[in-house]
Amino acid sequence: DTVTCQMGFEPVAGYRKGRKALNYLKSKSRMMVTFAPLGQTGVYAPIHATVGTQIGTLTISAGRFEAVQ
């Protein structure tokens, strides 16, 4: 079973105030991350993420996901 979380962006340090992209991420962007369990370890790892930007949606997916010892 996977878990999907919606999150927000709050710049803390190292960002230049007043940037359009930062303002967009903070106020309008939709961000989602999906986590999957790593075998029977009790640990969940990110396997898929989407971030809405001013020019389109950025999508990142794991190409491979497995527990190694």
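In this note's numbering, the protein residues as written are 1 to 69. Glycine included, C-beta positions come from ideal geometry on N, C-alpha and C.
Residue i at chain B interface by Cβ criterion, 8 Å
i          : result
residue 43 : In summary, chain B is missing from the structure at hand, where a single protein chain is found.
DSSP beta-bridge partners of residue i
i          : result
residue 58 : 51
Buried or exposed (CB count within 10 angstroms, at least 16 for buried), residue i
i          : result
residue 58 : exposed
residue 61 : exposed
residue 27 : exposed
Residue of the options minimising C-alpha distance to residue i
i          : options        : result
residue 4  : 54, 65, 33     : 33
residue 41 : 10, 24, 66, 14 : 66
residue 31 : 68, 24, 6      : 6
residue 63 : 39, 49, 25     : 49
Proximal residues to residue i (C-beta, below 8 Å), its chain only, five neighbours per side dropped
i          : result
residue 21 : 53, 54
Own chain residues within Cβ distance below 7 Å of residue i, not counting five before or after
i          : result
residue 15 : 22
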